[in-house]
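Residue numbers (our numbering): 15 to 142.
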């Protein structure tokens, strides 16, 4: 049984969990973003195929936009690399003392991969 905790929002935002806390939050947000994208994609496909709805065409124009694609691509890359970090730390518990270093390594992988692909996506969208 847990104790009820009433933490004000300001105190929660000042929590100094650092990198592990932000990795945890971003992992949840990226997972939720991917789930919503996949569910919307399936529903829009069904809507166009079976119902011919205007909402499905509207949704297609949203997720075909460059900004949405950049967001989803970041979600996929971050979620995959962070998931690999979690798997490594769960498989070898002795490495948990290097958790912050693993987070720095994670960002050293995510940022260049994302930047390169975002640059390619932007170049192709500007080029037609």
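Just so you know, even glycine gets a beta-carbon here, dropped at the ideal spot from N, CA and C. Only a predicted model underlies this, so the values are computations on that prediction, with no experimental measurement involved.
Asked	Found
My output table needs one value for residue 79: the three-state DSSP class, helix, strand or coil.	coil
Evaluate residue 99 with the Cβ neighbour count: other Cβ atoms within 10 Å of its Cβ, from every protein chain shown; 16 or more gives buried, anything less gives exposed.	buried
On the three-pair Cβ rule with 8 Å, is the segment 106-122 touching the segment 53-65?	no
Give every residue of the same chain whose Cβ lies closer than 6 Å to the Cβ of residue 114, excluding the five residues on either side of it in the sequence, and list them in chain order.	33
When you compare each of 124, 104 and 108 to residue 92 by their alpha carbons, which one comes out closest?	124
Buried or exposed: where does residue 79 fall if 16 or more other Cβ atoms within 10 Å of its Cβ makes it buried?	exposed
Using C-beta distances below 7 Å, list every residue in its chain close to residue 76, excluding the 5 sequence neighbours before and after it, in chain order.	82
Count the other CB atoms, across all protein chains shown, that sit within 10 Å of the CB of residue 25; report buried if there are 16 or more and exposed otherwise.	exposed
Which residue's Cα is closest to the Cα of residue 97: 108, 116, 28 and 84?	116
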